[in-house]
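Structure, as structure tokens:
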Amino acid sequence: MTTNNRSFVTFRFAGMALDPIHVGTGGTRLGRVDNTIVRDPVTRIPKIPGSSIAGVMRAYTAMAKKGKYPNCAGLGQPERDGGGGHCRKTDCPVCTVFGFAKGIRSSGGFAGLAAFSDMHVLLFPVASQLGPQWITCPMALRQTNIAEFSERVDLSEQQVICRKADGAAAQPSLNLGWLLLPVKTDWPPLGEIAQKIGALGIPGYIISRLGVVSDKLFTYIVNSNLEVRTSVAIDPATGAAEEGALFTYEAMPRCTVLFWEVTCRNPKHFKIDQEVVEAVDSPDKVRDVVTHAHSYLEHLGIGGMGSRGMGRLRVLESNKPAEGDKSGKEVS
Ligand SMILES: [Zn+2]
1 MTTNNRSFVT FRFAGMALDP IHVGTGGTRL GRVDNTIVRD PVTRIPKIPG SSIAGVMRAY
61 TAMAKKGKYP NCAGLGQPER DGGGGHCRKT DCPVCTVFGF AKGIRSSGGF AGLAAFSDMH
121 VLLFPVASQL GPQWITCPMA LRQTNIAEFS ERVDLSEQQV ICRKADGAAA QPSLNLGWLL
181 LPVKTDWPPL GEIAQKIGAL GIPGYIISRL GVVSDKLFTY IVNSNLEVRT SVAIDPATGA
241 AEEGALFTYE AMPRCTVLFW EVTCRNPKHF KIDQEVVEAV DSPDKVRDVV THAHSYLEHL
301 GIGGMGSRGM GRLRVLESNK PAEGDKSGKE VS
């Protein structure tokens, strides 16, 4: 199937946290935690905003080009004399794919050919008597387009659904953290969900430890099983711990599975200052620029506390276009 004539193509990605990931709100205090992470305002589930991903992927793409586009990595604010800032060139993969800021004397900015959704929690790891189990819920599956539920699915609050073939199915009850829940196996969509999750490249050892709970219980389980760490602020002048500088911060735990989409617009449908885009010529090529930087995400990570060994994310192999994708008209 060729995607080269469509206005845009949406690609789905899943990734697994290799370290705890902290994408902070900038010091908002919540209960006993000093530095909280970003949450969806409606569901209260932690997420990584698309804008954070776009910023990080832009920097890593510039890094992957080995200094060829030194001014294109950051926010691109030009200096007062008009120097610096994004190069804005039609053959620059960073500026065409990730966009560029409005220059001082030049015309408007460009939104970029790749648009990143938020990263949502698809599967959340939690300790049980059988080792880790990966938990999801109808809301998480709907939000990540894994499963369409035509009507509101009302799962009981007091249960965890596991597949008949899996180890947990033989147990009368399973503890998720300190919650003990009866195990049920009679939920028809689960087989198909496991198959779709597998198609995203999620490893078998995770799929065989899959559990579904209600939306309400999921929110509760996620928020009560986040990593909370205590650390000490270091005075940059002396290199010693600051007086009274003990602080706590939360993070998504290691092995959380995240899902996001990258919508790649067709470069042929865009002009930059009346010129055609030269760096990329199809939605697939736009995707390739993005995926080229994925190894940096795995080694350098995303979010804060990187110096404390946090933030590495492994992108799993799957580049299939989204099923519901249609060629659409978009205006820049
Ligand atoms: Zn550039």
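By this note's numbering, the letter at position 54 of the sequence shown is numbered 54, and the numbering carries on one by one without gaps.
Just so it is clear, CB atoms sit at the ideal spot from N, CA and C, and this is done for glycine as well.
- Of the candidates HIS22, ILE45, ASP40 and HIS86, the residue whose Cα lies closest to the Cα of ASP34 is HIS22.
- Looking at the backbone, the Cα of LYS268 and that of LEU316 are separated by about 29 Å.
- Take the alpha-carbon of PRO93 and the one of MET63: they are about 12 Å apart.
- LEU180 is positioned such that its CB atom lies closer than 7 Å to that of SER173.
- SER282 and HIS299 have their C-alpha atoms roughly 28 Å apart.
- Rounded to whole angstroms, the separation of the alpha carbons of ALA101 and GLY85 is 8 Å.
- Bounds of the alpha helix (DSSP H) holding THR96 are 93-98.
- The three-state secondary structure of LEU246, taken from DSSP, is strand.
- When beta bridges are read from the DSSP output, PHE8 appears opposite ARG265.
- A buried status is given to SER214, since no fewer than 16 other beta-carbon atoms sit within 10 Å of its beta-carbon.
- In this structure the region 108-123 touches the region 50-58; the number of beta carbon pairs closer than 8 Å is three or more.
- Cβ-Cβ separation between TYR249 and ARG229: approximately 6 Å, consistent with a contact (criterion under 8 Å).
- Counting C-beta pairs closer than 8 Å gives fewer than three between the region 217-236 and the region 183-203, which falls short of the contact rule.
- Between MET252 and ALA17 the beta-carbon gap is near 6 Å, inside 8 Å, which marks them as a contact.
- Per the C-alpha coordinates, the member of LYS47, ILE202, ARG209 and ARG142 positioned closest to GLN129 is ARG209.
- Ligand 1 has a heavy atom closer than 6 Å to the beta-carbon of HIS86.
- VAL56 sits in a helix when the DSSP states are folded into three classes.
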